[in-house]
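Asks: Keeping their order, the protein sequence lines are chains H and C. Residue numbers for the first sequence follow our numbering, beginning at 1 and rising by one. Residue numbers for the second sequence follow our numbering, beginning at 321 and rising by one. Glycine residues also receive a C-beta, built at the ideal position from the N, C-alpha and C atoms.
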Amino acid sequence: MKRILSNKWHIMVFVLPTVLFFSFFVIVPIVLSAYYSLLNWTTKTKPTLEYFVGFRNYIEMFTGKGTSFPRAVGHSLLYAGASVFLQLPFSLFLALLLAKGVKAEGFYQNLYFIPVILSSVVVGQLWRKIYNNDYGLLNLFLRAINVETPKGGWLANKGTRLWATFVPVLWQYVGYHMLLMYGALKSISPDIIEAATVDGASGPTMAFHIQIPLIKPMLKVCLSFSLIGSFKLYDMVKILTDGNIGTEVPATTMYREMFKSHNFGTGSAMAMFIVAECLLFTVLLNALFRERADGRTLRERLSGLFRSAPDALPKGADRP
Amino acid sequence: MAQATTRQVARPRRNSRQSRGDIIFETIVVILLALLALIIIYPLYFVVIASFSEAKAVVAGDVIFLPKGLTLDNYMECFKNGDLMLGYKNAFILLFVGTAVYLFLTILCAFPLSRRDLWGRDGIMIFCTIPMFFGGGLIPTYLTVTKTLNLHNWAAVILVGGVSTYNMIIMRTFFQTSIPFELQEAAEIDGSTPFGTLLQIILPLSIPVICVIGLYYGVGIWNSYFSALIYVSDKNLWPLQLFLRQILVNADLSAVDGGDVADMARRAMRAEIIKYAICVLASIPMLVIYPFIQRYFVKGVMIGSVKG
Numbered sequence: 001m002k003r004i005l006s007n008k009w010h011i012m013v014f015v016l017p018t019v020l021f022f023s024f025f026v027i028v029p030i031v032l033s034a035y036y037s038l039l040n041w042t043t044k045t046k047p048t049l050e051y052f053v054g055f056r057n058y059i060e061m062f063t064g065k066g067t068s069f070p071r072a073v074g075h076s077l078l079y080a081g082a083s084v085f086l087q088l089p090f091s092l093f094l095a096l097l098l099a100k101g102v103k104a105e106g107f108y109q110n111l112y113f114i115p116v117i118l119s120s121v122v123v124g125q126l127w128r129k130i131y132n133n134d135y136g137l138l139n140l141f142l143r144a145i146n147v148e149t150p151k152g153g154w155l156a157n158k159g160t161r162l163w164a165t166f167v168p169v170l171w172q173y174v175g176y177h178m179l180l181m182y183g184a185l186k187s188i189s190p191d192i193i194e195a196a197t198v199d200g201a202s203g204p205t206m207a208f209h210i211q212i213p214l215i216k217p218m219l220k221v222c223l224s225f226s227l228i229g230s231f232k233l234y235d236m237v238k239i240l241t242d243g244n245i246g247t248e249v250p251a252t253t254m255y256r257e258m259f260k261s262h263n264f265g266t267g268s269a270m271a272m273f274i275v276a277e278c279l280l281f282t283v284l285l286n287a288l289f290r291e292r293a294d295g296r297t298l299r300e301r302l303s304g305l306f307r308s309a310p311d312a313l314p315k316g317a318d319r320p
Numbered sequence: 321m322a323q324a325t326t327r328q329v330a331r332p333r334r335n336s337r338q339s340r341g342d343i344i345f346e347t348i349v350v351i352l353l354a355l356l357a358l359i360i361i362y363p364l365y366f367v368v369i370a371s372f373s374e375a376k377a378v379v380a381g382d383v384i385f386l387p388k389g390l391t392l393d394n395y396m397e398c399f400k401n402g403d404l405m406l407g408y409k410n411a412f413i414l415l416f417v418g419t420a421v422y423l424f425l426t427i428l429c430a431f432p433l434s435r436r437d438l439w440g441r442d443g444i445m446i447f448c449t450i451p452m453f454f455g456g457g458l459i460p461t462y463l464t465v466t467k468t469l470n471l472h473n474w475a476a477v478i479l480v481g482g483v484s485t486y487n488m489i490i491m492r493t494f495f496q497t498s499i500p501f502e503l504q505e506a507a508e509i510d511g512s513t514p515f516g517t518l519l520q521i522i523l524p525l526s527i528p529v530i531c532v533i534g535l536y537y538g539v540g541i542w543n544s545y546f547s548a549l550i551y552v553s554d555k556n557l558w559p560l561q562l563f564l565r566q567i568l569v570n571a572d573l574s575a576v577d578g579g580d581v582a583d584m585a586r587r588a589m590r591a592e593i594i595k596y597a598i599c600v601l602a603s604i605p606m607l608v609i610y611p612f613i614q615r616y617f618v619k620g621v622m623i624g625s626v627k628g
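#1: In chain C, which residues lie less than 7 angstroms from Y108 (chain H) when you measure between Cβ atoms?
#2: Quick one: is W439 (chain C) buried, meaning 16 or more other Cβ sit within 10 Å of its Cβ, or exposed?
#3: For T517 (chain C) and Q504 (chain C), I'd like the C-alpha separation in whole angstroms.
#4: Going along chain C, which residues have a C-beta under 7 angstroms from G243 (chain H)?
#5: For F52 (chain H), which three-state DSSP category applies?
#6: Does the CB of I344 (chain C) have a neighbour CB from chain H at under 7 angstroms?
#7: What residue range does the alpha helix (DSSP H) around L390 (chain C) cover?
#8: When the cut-off is 7 angstroms and only beta carbons count, does T461 (chain C) lie next to chain H?
#9: Span of the alpha helix (DSSP H) holding I478 (chain C)?
#10: Taking C-beta pairs closer than 7 angstroms, name the residues in chain B that I228 (chain H) reaches, listed in chain order.
#11: Kindly indicate if chain C contains any beta-carbon less than 7 angstroms away from that of S68 (chain H).
#12: Three-state secondary structure (DSSP) at S336 (chain C)?
#13: Could you check if N410 (chain C) is buried or exposed, using at least 16 other CB atoms within 10 Å of its CB as the buried criterion?
#14: Helix, strand or coil for S303 (chain H)? Go by DSSP, reduced to three states.
#15: Helix, strand or coil for L39 (chain H) per DSSP?
#16: Between the segment 272–290 of chain H and chain C, which residues of the former have a C-beta closer than 9 angstroms to a C-beta of the latter?
#17: Within 7 angstroms of any Cβ in chain H, is that where the Cβ of Y610 (chain C) sits?
#18: Within the continuous alpha helix (DSSP H) that includes W171 (chain H), where are the two ends?
#19: What did DSSP end up calling E277 (chain H) once you bin it into helix, strand or coil?
#20: Okay, do the segment 33–43 of chain H and the segment 262–271 of chain H touch, 3+ Cβ pairs below 8 angstroms being the bar?
#21: Once DSSP output is grouped into helix, strand and coil, what is the label at I384 (chain C)?
#22: Return helix, strand or coil for W439 (chain C), following the three-state DSSP convention.
#23: Quick one: Cα of V608 (chain C) to Cα of C599 (chain C), how far?
#24: Determine the chain C residues that contact G183 (chain H) at a beta-carbon separation under 7 angstroms, and present them in chain order.
#25: Hey, V539 (chain C) and I117 (chain H) are a contact pair by Cβ (cut 8 angstroms); roughly how many whole angstroms apart?
#26: Between Q323 (chain H) and chain C, is there a C-beta pair that is closer than 7 angstroms?
#27: Once you ignore the five residues that flank Q211 (chain H) on each side, which residues in its own chain have a CB closer than 7 angstroms to its CB?
#28: Any C-beta of chain H sitting closer than 7 angstroms to the C-beta of K467 (chain C)?
#29: To the nearest angstrom, report how far apart R615 (chain C) and Y112 (chain H) are at their CA atoms.
#30: Decide if the segment 392–406 of chain C is in contact with the segment 414–423 of chain C; the criterion is three or more beta carbon pairs, one per stretch, under 8 angstroms apart.
#31: Counting only beta-carbon separations shorter than 7 angstroms, does G126 (chain H) have a partner in chain C?
#32: So, for N157 (chain H): in the same chain, excluding its five sequence neighbours on each side, which residues have a beta-carbon less than 6 angstroms away from its beta-carbon?
#33: Less than 8 angstroms between the CB atoms is what I'm expecting for M206 (chain H) and A196 (chain H), so what's the real figure, rounded?
#34: Spatial neighbours of L386 (chain C) within its chain, please: CB distance less than 7 angstroms, with the 5 preceding and 5 following residues excluded, ordered by chain position.
#35: Please compile the residues from chain H whose C-beta is within a distance smaller than 9 angstroms of the C-beta of F431 (chain C).
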């Protein structure tokens, strides 16, 4: 017995490498970022308390002369909105269609997932070509049907550049969210679907009253992914427009601040802002879903057996 | 109605109330799905055919369904410029070493967390979810790795990439739901150490989930280039993506330096087309193994959504 008891301590050791790893590469850097964000740290100064400036960096990044950070934050919120209200519903729609069992279900499902496994460098290059002013697919198509193409190219034109930057990201990850939702839909017990069918549910009724409520935990995961992904959005924007004026997002502005202007203090403040933004939305999302779960509706009681499923899921995660 | 009934007998999977409306609906669904498939697949197909075409034809917009002026020049250019073979070799080593390290750590961490007899399980779990939401910011990480640890090689890339909590949770869920805890208890009463239990009981029963997670990590490592870019200074250690990136940069440079205007324009055009070949080269390994691994992706999601 004593041996088994000592085993309990023994297995703690297994977690140690990962915990140390996380501490060293995630927790410590966050703490350091918080510290640096309070310093006036440029190439001329050093990260010591001598250059402590309090919250000046935070004020500067929003109100400083020529700062683009507020605009960048606006863009990221806009992108988050697009992701939540366009991309996710679209993915859900696809997942529902596929889970219903169309012909060649597996084929479509594989196909939609292909962009996800491609590197964002490749997808970025691909879309730059699609947008190319002279021979891009998009313009060729528009010219063929006699529609005017934007002046200066999609990624440079004032009216189109922001959305032209967002579309490739949305395009790339539609399949990812679809797959997550599809997996969840397929995990619903066939008994429930059958029972609902016997009761006369089909099509939209089935989707809205049975399937969607049952995959709520997965929807929450998707929402977390897309929100956090929105705030951290970087590589695709970097490749498409380099985060130039009109298409900047917080991460591109932050890197610019650090590597071009060498304002490490302000850059760290921006990093902290992104962390705070993610935290805020995670908390909001959790609150939203908790409230919904308490107000038990008929369909949730119907699925009483499976209601406990939410706990199984992570509260959100990075894109693998 | 009679027709509907026979249909039901013929195809038992279909809904019993199959009517004309349903058939129309299904047709629309199929058209919609196919259209979307086209939107996704055509750009990718276009990259492939463009990479085998003459630059002139692509720029003129003549390449639409098939390559024009079939040529391997774009690929030749790539292989001429960089040490692509070295790049492939490095990328594969990095891929295997990285995946192995992450898998090892993920399994080690998921195992205790899957056991209800772990003390402080909830606390450790919460701690592990923090990295899912917040990256630490580049500067402090960079300083930690290069200054404190003095790493400028693959170790830095692997350390910075890191274990994914999401994958760890999937793994833990699998351990919890698919392997009875009693089995582990029995083994330990028979004198097995926890490590022995992990090695002899858990691992043999977890091959599918290990494949899934390994694939997730593999794809991630293959597609990452940014950490290699900032941490690996020795060119002999560069993975493929960095060499490809260098070709891109060189192609742009050679497009602007010297020569007459026509020559410059021609080179600029070439530089554009070479990018197609680069896209193909960078994606080939993933696209080749994708058909074999795709079913595991769905499996991973389904494991993750089982009650744990």
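Replies: In brief:
#1: L353 and A357
#2: Exposed.
#3: 6 angstroms
#4: The premise fails here: G243 (chain H) is roughly 14 angstroms from chain C at the closest Cβ pair, so nothing lies under 7 angstroms.
#5: strand
#6: no
#7: Run containing L390 (chain C): none; DSSP gives neither H nor E here.
#8: yes
#9: Membership of I478 (chain C) in the alpha helix (DSSP H) is indicated by the continuous run W474 to G481.
#10: Annotation note: the requested chain B is absent from the structure, which comprises protein chains H and C.
#11: Not closer than 7 angstroms to any Cβ of chain C, the Cβ of S68 (chain H) fails to qualify, so no.
#12: Because S336 (chain C) sits at a pLDDT of 49, beneath the cut-off of 50, its placement in the model cannot be relied upon, and the following sentence gives the value as read from the coordinates. S336 (chain C): coil per DSSP, three-state reduction.
#13: buried
#14: Because the pLDDT of S303 (chain H) is 48, which lies under 50, any placement of that residue in the model is unreliable, and the question is left without a value.
#15: strand
#16: From the segment 272–290 of chain H, only M272, I274, V275, C278, L279 and T282 have a Cβ closer than 9 angstroms to chain C.
#17: yes
#18: R161 to S187
#19: helix
#20: yes
#21: Three-state result, I384 (chain C): coil.
#22: W439 (chain C) falls in the coil class under three-state DSSP.
#23: Whole-angstrom Cα-Cα distance: 14 angstroms.
#24: What G183 (chain H) touches in chain C: V618, V621, M622 and S625.
#25: Contact between V539 (chain C) and I117 (chain H) is confirmed by a C-beta separation of about 5 angstroms, below the 8 angstroms threshold.
#26: Chain H is shown from 1 up to 320; residue 323 (chain H) falls before or after that span and cannot be answered.
#27: L96, L185 and I188
#28: no
#29: 13 angstroms
#30: no
#31: The sequence shown places Leu at residue 126 (chain H), rather than the Gly named in the question. For L126 (chain H), the answer is yes, since a Cβ of chain C falls inside 7 angstroms of its Cβ.
#32: P150 and K151
#33: Indeed, because the Cβ distance is near 6 angstroms, the residues count as touching under 8 angstroms.
#34: I369
#35: I11, F14 and V15
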